[in-house]
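S.K.:
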């Protein structure tokens, strides 16, 4: 299965970005969440595992992925995406990237973000959008920022305490951030930029969005 990141192909809109293709080529293991298998087949990528209730899968899709492990889960208590994420966690994934998360019904889009909070806290999960990437950050963001990059932060599930944003156009020091628009659209001005917060005092978690 490899030591790199695992990729979940979801059943939403994918877009056509070089970054997305790079993710597909570099993934150590590819899991299709039901209809995500169809999107993989369109682009010529084979899934290692297909998981879900198969309500979106055609006979041709199944033929293309004939060497994939098929895990049929009939339970409707969890979305196909959560089922796939649980598979990753139970089988030792160290990092998960999810593509195909945009478009469709509004409740499905909101459900994609809710999936981040159902993931184990020690499993990094990133959502790849048509125009950027979003993920929950640890108390100290470990992924470097680039000058000119557009970044937004949101407190989800409660207040985030001790927020520090350094190396951006709008810097803050030891602030409290609630669920609001206050963290939208900041711009990185330094390659040493950093975003940190006090995890022990925070009731919520910090969601970051980085525009392509």
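In this note's numbering, the protein residues as written are 407 to 618. C-beta atoms are modelled at their ideal positions from N, C-alpha and C, and glycine is treated no differently.
1) Residue 585 to residue 484, Cα distance in whole Å?
2) From the DSSP output, which residues share a beta bridge with residue 435?
3) What does residue 353 pair with, by DSSP beta-bridge criteria?
4) Cα-Cα, which of 541, 526 and 533 is closest to residue 499?
5) What do you reckon, are the CB atoms on residue 614 and residue 559 nearer than 8 Å?
6) With a floor of 3 residues, list each beta strand (DSSP E) that falls wholly inside the stretch 440 to 495, ordered by position along the chain.
7) With distances taken Cα to Cα, identify the nearest neighbour of residue 611 among 594, 567 and 414.
8) Could you tell me the alpha carbon to alpha carbon distance between residue 507 and residue 554, rounded to whole angstroms?
9) With 16 as the cutoff for other CB atoms within 10 Å, does residue 576 come out buried or exposed?
10) According to DSSP, simplified to helix, strand and coil, what is residue 604?
11) In the DSSP assignment, the beta strand (DSSP E) including residue 583 goes from what residue to what residue?
12) Should residue 442 go down as buried or exposed, given a rule of 16 or more other Cβ atoms within 10 Å for buried?
13) Could you check if residue 591 is buried or exposed, using at least 16 other CB atoms within 10 Å of its CB as the buried criterion?
14) Counting only the same chain and skipping the five closest in sequence on each side, list residues whose C-beta sits under 8 Å from that of residue 541.
15) Would you tell me roughly how many angstroms separate the C-alpha atoms of residue 565 and residue 600, rounded to the nearest one?
16) Would you mind reading off the limits of the beta strand (DSSP E) that contains residue 355?
17) Look at the Cβ atom of residue 417, then the Cβ atom of residue 437, and state whether they are nearer than 8 Å.
18) Leaving out five residues on either side along the sequence, give the residues of the same chain with a beta carbon under 7 Å from the beta carbon of residue 572.
19) Could you check which residue in 468, 606 and 583 has the C-alpha nearest to that of residue 439?
20) So the beta strand (DSSP E) residue 574 belongs to, where does it begin and stop?
21) Relative to the alpha-carbon of residue 604, which residue among 511, 561 and 528 has its alpha-carbon at the smallest distance?
M.R.: Let me spell this out:
1) Along the chain shown, one-based indexing puts residue 585 at 179. Along the chain shown, one-based indexing puts residue 484 at 78. Their backbone Cα atoms lie some 26 Å apart in a straight line.
2) Start at 1 with the first residue of the chain shown, and residue 435 comes out as number 29. Paired residue(s): 412.
3) Lying before the first or after the last residue shown, residue 353 is absent from the chain, which here runs from 407 to 618.
4) Here residue 499 is taken as the residue at index 93 of the chain shown, counted from 1. Taking each of 541, 526 and 533 in turn and checking the Cα distance to residue 499, the smallest one comes out for 526.
5) By 1-based counting over the chain shown, the position of residue 614 is 208. By 1-based counting over the chain shown, the position of residue 559 is 153. In contact: residue 614 and residue 559 (Cβ atoms closer than 8 Å).
6) Listed in chain order, the complete beta strand (DSSP E) runs (minimum 3 residues) inside the stretch 440 to 495 are 455 to 458 and 475 to 478.
7) Locating residue 611 in the chain shown gives position 205, counting from the first residue. The candidate whose alpha carbon is nearest that of residue 611 is 567.
8) Translated into positions along the chain shown, residue 507 becomes position 101. Translated into positions along the chain shown, residue 554 becomes position 148. In this structure, the straight-line span from the alpha carbon of residue 507 to that of residue 554 is close to 25 Å.
9) Position 170 of the chain shown, counted from the first residue, corresponds to residue 576. Its Cβ having fewer than 16 others within 10 Å, residue 576 is exposed.
10) Your numbering for residue 604 matches position 198 in the chain shown. When DSSP states are grouped into helix, strand and coil, residue 604 belongs to the strand group.
11) Here the question's residue 583 lines up with position 177 in the chain shown. For residue 583, the enclosing beta strand (DSSP E) begins and ends at 578 to 583.
12) As a working mapping, residue 442 is identified with position 36 in the chain shown. By the beta-carbon neighbour count (other beta carbons within 10 angstroms, threshold 16), residue 442 is buried.
13) As a working note, residue 591 is residue 185 in the chain shown. Within 10 angstroms of the beta-carbon of residue 591 lie fewer than 16 other beta-carbons, which makes it exposed.
14) Stepping through the chain shown from its first residue, residue 541 is reached at position 135. Around residue 541: 522, 530, 531, 532, 533, 613 and 614.
15) Taking the chain shown and counting its residues from 1, the one referred to as residue 565 is at position 159. Taking the chain shown and counting its residues from 1, the one referred to as residue 600 is at position 194. Rounded to whole angstroms, residue 565 to residue 600 spans 19 Å at the Cα level.
16) Residue coverage of the chain in this structure runs from 407 to 618, which leaves residue 355 outside it and unanswerable.
17) Taking the chain shown and counting its residues from 1, the one referred to as residue 417 is at position 11. Taking the chain shown and counting its residues from 1, the one referred to as residue 437 is at position 31. Not a contact, by the Cβ cut-off of 8 Å.
18) In the chain shown, residue 572 corresponds to position 166, counting from 1. For residue 572, the CB contacts under 7 Å within the same chain, skipping 5 residues up- and downstream, are 599 and 600 in chain order.
19) To locate residue 439, count along the chain shown from 1; it is residue 33. Closest by C-alpha distance to residue 439, out of 468, 606 and 583, is 468.
20) One-based indexing of the chain shown puts residue 574 at position 168. From DSSP, residue 574 is part of no beta strand (DSSP E); its letter is neither H nor E.
21) Against the chain shown, residue 604 aligns to sequence position 198. With distances taken between CA atoms, residue 604 lies nearest to 561 out of 511, 561 and 528.
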